[in-house]
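The next block holds one structure in the form of structure tokens; read it before the comments.
Numbering (full-length UniProt numbering), first residue to last: 1 to 284.
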């Protein structure tokens, strides 16, 4: 079974009738941390639990040390997955408003803990669900405890120290999921320092999507990342972004394209800049 899987609104509507499915609503907004929870309370796909980026999909921030969204503690997150009713054989569907960035963060965390089968992202998210004419619900989800026991695979991670040692090595492909203007250091609306990690290439995550907000076909994605890899091994690819969220969108898209899962620099730019000894670059 492929690691990265999409599900359409029609397929999800049909699957919901069969039960044995856990749905996680991952909506969030960086500029308004209450947005996702409030939106969920105003209506969500029936049966969905709310997975908050700050409370569930991230760990505590240590100012001056971590990035803005450090990884959650593995045991704590596994406990939360059980509280949502997830077991090893549970099918899980993840969605957000549409682009899939927050859903992809949840997907990556599940893969990190070993849950790699039966995990789907709703293609086009809630926007596609609305467009297909399916309703929302105000009802609380049914609570059923799962039995998932996760074990973190830290081979999927690269920390700042090891990344710094690898900068400049010919086999490294380092891709930055932020928008081109942020990558070049022309604007920086969130973090105190602008620019990018030296040697990185800009691979804006929204370019994984078509004009309809759904993921591009696998062959298109394969061509996109082949241009980034330039013949280098995809297993040596490292993805980052501002805080380790949209980088997961690129890792999901790479997997959709048939590439092996690359590594995540989870601290990303917001952690990189906490140490003034780490080099930064601007421009292309």
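C-beta atoms are modelled at their ideal positions from N, C-alpha and C, and glycine is treated no differently.
Three-state secondary structure (DSSP) of residue i
i: residue 120; result: strand
i: residue 103; result: helix
i: residue 40; result: helix
i: residue 246; result: helix
i: residue 76; result: helix
i: residue 162; result: helix
i: residue 21; result: strand
i: residue 155; result: helix
i: residue 81; result: helix
i: residue 49; result: strand
i: residue 58; result: coil
i: residue 71; result: coil
i: residue 6; result: strand
i: residue 147; result: coil
i: residue 87; result: coil
i: residue 94; result: strand
Whole-angstrom C-beta distance between residue j and residue i, which should lie under 8 Å
i: residue 171; j: residue 232; result: 6 Å
i: residue 69; j: residue 53; result: 7 Å
i: residue 202; j: residue 217; result: 22 Å between Cβ atoms; not a contact.
i: residue 157; j: residue 229; result: Not confirmed; about 20 Å, so no contact.
i: residue 182; j: residue 284; result: About 13 Å; that fails the 8 Å criterion.
i: residue 72; j: residue 59; result: 5 Å
i: residue 107; j: residue 119; result: 6 Å
i: residue 160; j: residue 267; result: 6 Å
Beta-carbon gap between residue i and residue j smaller than 8 Å
i: residue 67; j: residue 235; result: no
i: residue 30; j: residue 143; result: no
i: residue 318; j: residue 39; result: The structure shown does not extend to residue 318, since the chain is modelled only from 1 through 284, so no value can be given for it.
i: residue 85; j: residue 19; result: no
i: residue 140; j: residue 174; result: no
i: residue 113; j: residue 151; result: yes
i: residue 121; j: residue 193; result: no
i: residue 12; j: residue 93; result: yes
i: residue 205; j: residue 256; result: no
i: residue 111; j: residue 261; result: yes
i: residue 241; j: residue 176; result: yes
i: residue 168; j: residue 280; result: no
i: residue 163; j: residue 44; result: no
i: residue 22; j: residue 90; result: yes
i: residue 51; j: residue 57; result: yes
i: residue 116; j: residue 3; result: yes
i: residue 99; j: residue 213; result: yes
i: residue 46; j: residue 16; result: yes
i: residue 226; j: residue 239; result: no
Cβ-heavy atom distance, residue i to the ligand GDP, below 7 Å
i: residue 22; result: Of the ligands one can find in the structure shown there are none, so the ligand GDP has no counterpart to examine.
Check your understanding: Are at least three pairs of beta-carbons, each pair with one atom in the stretch 1–16 and one in the stretch 73–86, less than 8 Å apart?
Key -> The stretch 1–16 is not in contact with the stretch 73–86.
**Study point:** Ranges of the alpha helix (DSSP H) found wholly within the UniProt domain "Rhodanese" (168–281), counting only runs of at least 4
**Key:** 180–184, 218–229, 246–256, 268–272
**Study point:** contact_flag[the stretch 247–255, the stretch 96–104] where n(CB pairs < 8 Å) is 3 or more
**Key:** yes
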